[in-house]
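**Q** As numbered in the numbering used here, residues 210 to 328 make up the sequence shown, in order.
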Amino acid sequence: MTIKSSIRASRSARLKSRNRLGEHLLDHPPDGRPNYYYWYYASLTLIQFGGDAWDDWNEQVRERLIDLQVTDGRRKGSWDHSDSRWGDRGGRIYSTAMATLTLEVYYRHLPLFQQVETD
Numbered sequence: 210m211t212i213k214s215s216i217r218a219s220r221s222a223r224l225k226s227r228n229r230l231g232e233h234l235l236d237h238p239p240d241g242r243p244n245y246y247y248w249y250y251a252s253l254t255l256i257q258f259g260g261d262a263w264d265d266w267n268e269q270v271r272e273r274l275i276d277l278q279v280t281d282g283r284r285k286g287s288w289d290h291s292d293s294r295w296g297d298r299g300g301r302i303y304s305t306a307m308a309t310l311t312l313e314v315y316y317r318h319l320p321l322f323q324q325v326e327t328d
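(1) Quick check: the Cα distance between D289 and R229, rounded to an integer number of angstroms?
(2) May I have a chain-ordered list of the alpha helix (DSSP H) segments no shorter than 4 residues that lie completely inside the region 232-275?
(3) For the structure I just gave you, are there three or more beta carbon pairs, one from the region 294-305 and one from the region 252-270, closer than 8 Å?
(4) Please state if the CB of Y250 and the CB of M307 are separated by a distance shorter than 7 Å.
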């Protein structure tokens with residue numbers, strides 16, 4: 210196997226993985242009970258691959274997080290932990306930190322698997 214054919218095989222495997230992961234995440238959208246931990250790591254994984262799956266997922270999770278953010282009172286700007294998965298263990302600080310990390314994932318991490326055209 211040559212280096213060039215190895216790179217093509219690796220690229221093909223990454224594309225298959227990206228497509229399967231994207232399908233899975235889009236089949237399990239960020240609705241229902243909030244799971245900030247899952248949403249953060251799903252976002253972190255998908256941004257590495259980019260593409261339509263990332264665009265669709267990012268739009269869904271971003272809108273969901275904006276809807277869940279507290280907009281009034283003393284807790285304005287935070288995310289409630291009471292009905293979220295793992296929120297009872299981490300509290301409001303955990304929920305707010307994970308939601309914020311999810312919203313800023315594209316500012317903190319560069320994609321590792323960018324498409325590069327080869328001859």
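Positions of the beta carbon are idealized from the N, C-alpha and C atoms, including for glycine.
**A** Taking the structure as given:
(1) 32 Å
(2) 245-258
(3) no
(4) no
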